[in-house]
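Trainee: Shown below is the structure under consideration.
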Amino acid sequence: MMIINQKDLAIINQAKKVMKKYIQVGKKISTIDHVKDYFIFHLGLYDYEAFCVLYLDSQNRIIALEELFRGTINESSVYPREIIKQVLYHQAMAIILVHNHPSGDKEPSLLDISVTAKIKNALAFIDVIVLDHLIVAKDNVISLKENTKYNLMNLFN
1 MMIINQKDLA IINQAKKVMK KYIQVGKKIS TIDHVKDYFI FHLGLYDYEA FCVLYLDSQN
61 RIIALEELFR GTINESSVYP REIIKQVLYH QAMAIILVHN HPSGDKEPSL LDISVTAKIK
121 NALAFIDVIV LDHLIVAKDN VISLKENTKY NLMNLFN
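The numbering of the sequence shown is UniProt numbering, which starts it at 1 and goes up by one.
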């Protein structure tokens, strides 16, 4: 586990405050970069895996942000059924999936890809779009949608 001194912690907390202005209820997601930056500060220092869902309306405005699942240092159980329940509760039209890799490994696992496909396919039945799945690896973020290696698998087509 990384030890952070008080000065660095104060800087991180200030940065979190700045990033929150981009990720708040009613705010339109105009660029995925703001989402990436927010989650670097939100999940980048966690020493356990967390799986979050950003719920959006038809205009890509934020309805809610939830950390739905919390796991161990190298995995988190994710249940598509629970995501569907929350999507219906929030009346979302689209979502962005985000989880972290505390190890710092930015490559998605086969399980990450499989879970993304399951969630995407399940939500397609209720006309909800998975816009992206971001993986936060300390101070890096990979977008499965932007990464051609994973887009070739038709995850986001």
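Cβ coordinates follow ideal geometry from the N, Cα and C atoms, glycine included.
Cα separation between Ile-113 and Gln-6?
Mentor: 38 Å
Trainee: My output table needs one value for His-133: the three-state DSSP class, helix, strand or coil.
Mentor: strand
Trainee: Lys-138 to Asp-37, Cα distance in whole Å?
Mentor: 11 Å
Trainee: For the UniProt domain "MPN" (28-150), which segments carrying the alpha helix (DSSP H) assignment without a break, of at least 4 residues, lie completely within its bounds, in sequence order?
Mentor: 32-43, 80-90 and 110-124
Trainee: Apart from the five residues on each side of it in sequence, which residues of its chain come closer than 6 Å, Cβ to Cβ, to Cys-52?
Mentor: Contacts found: Glu-67 and Val-98.
Trainee: Considering only residues of the same chain and omitting the five flanking positions on each side of Arg-70, which have a CB-CB separation below 7 Å?
Mentor: Tyr-48, Ala-50 and Ser-76
Trainee: Within this structure, are the beta carbons of Val-136 and Ile-40 separated by less than 8 Å?
Mentor: Note that the C-beta distance between Val-136 and Ile-40 is below 8 Å.
Trainee: Distance check for Thr-72 and Asp-132, CA to CA, integer angstroms please.
Mentor: 23 Å
Trainee: Exposed or buried, what is Ile-126 when buried is set at 16 or more other beta-carbons lying within 10 Å of its beta-carbon?
Mentor: exposed
Trainee: Buried or exposed: which applies to Ala-92, given that a residue is buried once 16 or more other Cβ atoms fall within 10 Å of its Cβ?
Mentor: buried
Trainee: Out of curiosity, what's the CA-to-CA distance linking Lys-145 and Ala-10?
Mentor: Distance between the alpha carbons of Lys-145 and Ala-10 is about 33 Å.
Trainee: When the distance is taken between beta carbons, is Asn-100 closer than 8 Å to Leu-43?
Mentor: yes
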